[in-house]
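A.B. asks: To start, I am sharing the structure in question, which I have written as structure tokens.
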Amino acid sequence: MGLLKFQVSATDGKARTGLLKLKHGMVNTPELIPVATKATVKALSSDDLNELGVQILICNTYHLMLQPAADVIAKLGGLHKFMNWDKPLMTDSGGFQAFSLGLGKEHAVGKMYFPGEGYTESKPRGKSIAKVDDKGIMFKSIYDKSYQYLTPERSIRVQEKLGADMILVLDECTSPLSGKEYTAKSMERTHRWAKQCLELHETDQALVGIVQGGHWKDLREKSARYITSLDFDSFAIGGSLGKSKKHMHSVLDWVIPYLPEDKPRHLLGIGVVEDIFESVERGVDLFDCVSPTRIARSGYAYIRPPFGTKKNKYRYKITLIKHKSDGQPLDPNCECKVCKNYSRAYVHHLLKTEELLGYNLISYHNLHFMLQLMREIRDAIKTGTFQELKNEWMK
Ligand SMILES: [Zn+2]
0 MGLLKFQVSA TDGKARTGLL KLKHGMVNTP ELIPVATKAT VKALSSDDLN ELGVQILICN
60 TYHLMLQPAA DVIAKLGGLH KFMNWDKPLM TDSGGFQAFS LGLGKEHAVG KMYFPGEGYT
120 ESKPRGKSIA KVDDKGIMFK SIYDKSYQYL TPERSIRVQE KLGADMILVL DECTSPLSGK
180 EYTAKSMERT HRWAKQCLEL HETDQALVGI VQGGHWKDLR EKSARYITSL DFDSFAIGGS
240 LGKSKKHMHS VLDWVIPYLP EDKPRHLLGI GVVEDIFESV ERGVDLFDCV SPTRIARSGY
300 AYIRPPFGTK KNKYRYKITL IKHKSDGQPL DPNCECKVCK NYSRAYVHHL LKTEELLGYN
360 LISYHNLHFM LQLMREIRDA IKTGTFQELK NEWMK
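Taking numbering that gives the first Met the number 0, I'd label the letters of the sequence shown as residues 0 to 394.
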């Protein structure tokens, strides 16, 4: 067992607030964990992250073991020191890349599949550069094209060297387009890997078990029963979440009753506004998502309803011509330093001219927006007004 303590502090229906204590500090939940894939939340410094009130970050094992290499980071004092971050830190296991570089690439889909988006019969498929077998995942490195075999043991040893507070077992994240037979086989393999990771684990890092099983009720229940029978510090829900938002909600409804009340629950790789409300309502404590900074780099700024666009009420494209001389802040209701000091016209200009400051400013605002939402969600749960807040945002 690792150094993790978790206490639920308030509930509102199934939604709950909690205090998660890790080696490097406390995390108030529910919380969105910003993704620092290559040991950086893109375009933001650790000073920015501290100013934003970020409580915890998650980094990526696959990328860091290849570049600069786990040994390099370990020699320099570990990941915290390497990236100048002295608060809680997680690493994933590399399992997500089995999907994103494997079947996800081949099927051209994400963790959720929406008909009409991404994959179609006529769209050319990407070429998979990850292959899973019973012992591990064979990757072709995106850095030097070398072949790399990631086993449960290698994943644990790499994560020990990186030294995050909380680490994940190696799993296979399946595709929403994988059939039931494949998903069941993959789930059994993931279960064997989970047990191996637990047995191999030697440090005081908290270890997180992952429930798989795609969007099939019997598989999800089987996986939840098995994974929670093992002595993990925390539990995550991973893998494909199906072919619609409804599927994702069902997966949560099937799995959460099996998860112990007194351990944190993490929905992996999810973190847009609607999904956060729906999942918190069902009892999820942690999320991680690249969205705030990824959409920022494509020129999208988050905005509170009712100011968003018809297509997406929580964001708009700042690079559209209509913002060229728009003197308003990115979001008139936002109190972040970017909204206090800069206009849409200025951010529009920076992004149009690909000035580096533009990426910093819009990423800063977007992350502030999501973290502020999480603060409001925690306050609403504490005062028993979660439903009111959800209705206000989702109407
Ligand atoms: Zn702002």
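Cβ coordinates follow ideal geometry from the N, Cα and C atoms, glycine included.
To the nearest angstrom, report how far apart GLU198 and ARG15 are at their CA atoms.
C.D. replies: Locating residue 198 in the sequence shown gives position 199, counting from the first residue. Locating residue 15 in the sequence shown gives position 16, counting from the first residue. Answer to the nearest angstrom: the Cα atoms are 31 Å apart.
A.B. asks: Below 8 Å between beta carbons: does that hold for TYR257 and ARG224?
C.D. replies: Position 258 of the sequence shown, counted from the first residue, corresponds to residue 257. Position 225 of the sequence shown, counted from the first residue, corresponds to residue 224. Cβ distance < 8 Å, so TYR257 and ARG224 count as in contact.
A.B. asks: Helix, strand or coil for PHE234? Go by DSSP, reduced to three states.
C.D. replies: Walking along the sequence shown from the start, residue 234 turns up at place 235. It is a strand residue.
A.B. asks: What is the rounded straight-line gap between the Cα of PHE98 and the Cα of CYS58?
C.D. replies: Counting from 1 along the sequence shown, the entry for residue 98 is found at position 99. Counting from 1 along the sequence shown, the entry for residue 58 is found at position 59. In a straight line, the C-alpha of PHE98 is about 17 Å away from that of CYS58.
A.B. asks: ASN365: which of HIS322, LEU267, CYS288, GLY213 sits nearest, CA to CA?
C.D. replies: Position 366 of the sequence shown, counted from the start, is the residue given in the question as residue 365. Considering only alpha carbons, the answer is CYS288.
A.B. asks: Considering only heavy atoms of ligand 1, does any lie closer than 7 Å to the CB of VAL7?
C.D. replies: Translated into the one-based positions of the sequence shown, residue 7 becomes position 8. No, the Cβ of VAL7 stays beyond 7 Å of every heavy atom of ligand 1.
A.B. asks: Is TYR51 near ligand 1, with its Cβ less than 7 Å from a heavy atom?
C.D. replies: The sequence position of residue 51 within the sequence shown is 52, counting from 1. The residue asked about is misnamed: residue 51 is Leu in this sequence, not Tyr. LEU51: no, Cβ never under 7 Å from ligand 1.
A.B. asks: Excluding the 5 residues preceding and the 5 following GLY326 in the sequence, name in chain order all residues of the same chain whose CB lies nearer than 8 Å to its CB.
C.D. replies: Numbered from 1 along the sequence shown, position 327 holds the residue referred to as residue 326. SER342, ARG343, ALA344.
A.B. asks: Would you identify the three-state DSSP class for GLN147, choosing helix, strand or coil?
C.D. replies: As a working mapping, residue 147 is identified with position 148 in the sequence shown. Three-state DSSP puts GLN147 in a strand.
A.B. asks: Residues with a Cβ closer than 6 Å to any heavy atom of ligand 1, in chain order?
C.D. replies: Taken from the N-terminal end onward, the list reads LEU329, ASP330, CYS333, CYS335, VAL337, CYS338, HIS364, HIS367.
A.B. asks: Buried or exposed for THR352, going by 16 or more other Cβ atoms inside 10 Å?
C.D. replies: Counting from 1 along the sequence shown, the entry for residue 352 is found at position 353. Counting Cβ neighbours within 10 Å, THR352 comes out exposed, since fewer than 16 surround it.
A.B. asks: Can you give me the Cβ contacts of VAL254 inside the same chain, cut-off strictly under 6 Å, excluding the 5 residues immediately before and after it?
C.D. replies: Translated into the one-based positions of the sequence shown, residue 254 becomes position 255. Counting only Cβ-Cβ distances below 6 Å, and skipping sequence neighbours, we find VAL210, ARG219, ALA223, ILE236.
A.B. asks: Compute the Euclidean distance between the alpha carbons of LEU65 and LYS134, then round it to the nearest angstrom.
C.D. replies: Reading the sequence shown from its first residue, position 66 is the one you call residue 65. Reading the sequence shown from its first residue, position 135 is the one you call residue 134. Spanning the two alpha carbons is a distance of roughly 20 Å.
A.B. asks: Within a Cβ cutoff of 6 Å, which residues of the same chain sit near THR10, ignoring the five residues on either side of it in sequence?
C.D. replies: Working through the sequence shown from its first residue, we reach residue 10 at position 11. Cβ within range, chain order: n/a, list empty.
A.B. asks: Report the three-state DSSP secondary structure of LYS381 (helix, strand or coil).
C.D. replies: For the purposes of this step, residue 381 is taken as residue 382 along the sequence shown, with counting starting at 1. Note: LYS381 maps to helix in three-state DSSP.
A.B. asks: Looking at the secondary structure, which residues open and close the beta strand (DSSP E) in which LYS336 lies?
C.D. replies: Taking the sequence shown and counting its residues from 1, the one referred to as residue 336 is at position 337. Not the beta strand (DSSP E): LYS336 falls in the alpha helix (DSSP H), residues 336-340.
A.B. asks: Whole angstroms is fine: what's the gap from PHE138's alpha carbon to SER127's?
C.D. replies: Sequence index remark: in the sequence shown, residue 138 carries index 139 (1-based). Sequence index remark: in the sequence shown, residue 127 carries index 128 (1-based). About 9 Å.
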